[in-house]
Amino acid sequence: MVLQNSYLVRTSTNPTVSSHWFCAREVSPQVDYKLLLDWLEFCSKHHSKSCNADRLHRLESFMAIDCDSGKVVSPPSSCTYAALSYVWGAKSSTEQVDHDTTICTTETNQSYLTLDERAPRIVQDAIIVTKELGLKYLWIDKYCINQKDQNVKSEQIGKMDLIYSSAEFTIVAAAGSDENHGLPGVNTHIRKALYGGDLGGLRRVTSQTQLYRSIKESKWWTRGWTYQEAMLSRRRIVFTETELYFECCGMHCRE
Numbered sequence: 024m025v026l027q028n029s030y031l032v033r034t035s036t037n038p039t040v041s042s043h044w045f046c047a048r049e050v051s052p053q054v055d056y057k058l059l060l061d062w063l064e065f066c067s068k069h070h071s072k073s074c075n076a077d078r079l080h081r082l083e084s085f086m087a088i089d090c091d092s093g094k095v096v097s098p099p100s101s102c103t104y105a106a107l108s109y110v111w112g113a114k115s116s117t118e119q120v121d122h123d124t125t126i127c128t129t130e131t132n133q134s135y136l137t138l139d140e141r142a143p144r145i146v147q148d149a150i151i152v153t154k155e156l157g158l159k160y161l162w163i164d165k166y167c168i169n170q171k172d173q174n175v176k177s178e179q180i181g182k183m184d185l186i187y188s189s190a191e192f193t194i195v196a197a198a199g200s201d202e203n204h205g206l207p208g209v210n211t212h213i214r215k216a217l218y219g220g221d222l223g224g225l226r227r228v229t230s231q232t233q234l235y236r237s238i239k240e241s242k243w244w245t246r247g248w249t250y251q252e253a254m255l256s257r258r259r260i261v262f263t264e265t266e267l268y269f270e271c272c273g274m275h276c277r278e
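The sequence shown: position 17 = 40 (my numbering), numbered continuously.
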């Protein structure tokens, strides 16, 4: 039954349920990290030629966020890391740099920044996702490229292909219009519920019919930089308001 561009389907977690009905998986309000790990593990094991790449080791100025300490550090050579693709917001580049300086502190004996609790929601959520998926380091352009050092900035902008293609996966924020929206399903950000109800002793919910529409209608999709980041990434974990979408060079999955 079609209900305003959605379908009424039966959901079940019982593998013995009769196949006379089309059964779907009901998406929970929070991200299912085990499902994400299963997708990543399958890709790593079965797509060795297309999706696995050499570790990044050619950029001396490469920095990343240590997700345990919140510090922007020079990580170990050939470390594994995640990358983030998102929309900064409406502020100009200069305003963004000046604003971000206020949410970081600089240690007196090091030139490394430390993100504090005032960091944008997208940063805090991306750190949680990175840790939940077993990685320690996260690369975010705004914080890991010294925005006031034009030499470093120019070098790394010219090496975006290496940075994104060398990441284990890229977290894509295809929801909201700026960095304060965060990632749906992470931390306290509950995902939008799809219509559900009980009918005849069965649980039925409406499902999205065209996930690509919510992605293509997002602010993230409209930016040239984010398009480039997605194209350069080997694995993309896309966060929308209602569900996750995973895509690599060998398969694509959705909740």
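Ideal placement from N, C-alpha and C gives every residue a C-beta, glycine not left out. Nothing here was measured: the structure is a model prediction, and the numbers come from that model.
{"Check": "Of all Cβ atoms in chain D, is any one closer than 8 Å to the Cβ of Arg277?", "Outcome": "Of the chains in the structure shown, none is chain D; there is only one protein chain."}
{"Check": "Cutting at 6 Å between CB atoms, please list the residues of its own chain near Phe192, excluding the five before and the five after it.", "Outcome": "Ala105, Arg258 and Ile260"}
{"Check": "What runs of the alpha helix (DSSP H), each 4 residues or longer, lie entirely inside the segment 150-182?", "Outcome": "164-167 and 173-180"}
{"Check": "Where does Ser108 sit, in a helix, a strand or coil, going by DSSP?", "Outcome": "strand"}
{"Check": "Quick one: what's Lys276 bridged to in DSSP?", "Outcome": "The identity of residue 276 in the sequence shown is Cys, whereas the question assumes Lys. BP columns for Cys276 point to Phe269."}
{"Check": "Taking 6 Å as the limit between beta carbons, can you name the residues of its chain near Ser177, skipping five residues before and five after?", "Outcome": "none"}
{"Check": "Check each candidate in Ser73, Asn203 and Val95 and name the one with the smallest Cα separation from Asp148.", "Outcome": "Asn203"}
{"Check": "In three-state DSSP terms, what is Leu138?", "Outcome": "strand"}
{"Check": "Is Lys242 helix, strand or coil when you go by DSSP?", "Outcome": "coil"}
{"Check": "Quick one: using the 10 Å Cβ neighbour count with 16 as the cut-off for buried, is Tyr235 buried or exposed?", "Outcome": "exposed"}
{"Check": "For Pro207, I'd like the list of residues in its chain whose CB is within less than 6 Å of its CB, leaving aside the five on either flank, ordered along the chain.", "Outcome": "Ala198, Arg214, Phe262 and Glu264"}
{"Check": "In or out: Thr125 buried (at least 16 other Cβ within 10 Å) or exposed?", "Outcome": "Residue placement at Thr125 is flagged as unreliable, the pLDDT there being 41, under the threshold of 50; a coordinate-derived value is accordingly withheld."}
{"Check": "From Cys90 to Gly273, what does the alpha carbon distance come to, in whole angstroms?", "Outcome": "29 Å"}
{"Check": "Just grab the DSSP bridge partners of Phe192 for me.", "Outcome": "Ala105"}
{"Check": "Looking only at its chain, what residues have a beta carbon closer than 7 Å to the beta carbon of Ser84, apart from the 5 residues adjacent to it on each side?", "Outcome": "Val175, Glu178 and Gln179"}
{"Check": "Answer yes or no: do Ile163 and Val146 have a C-beta to C-beta separation smaller than 8 Å?", "Outcome": "yes"}
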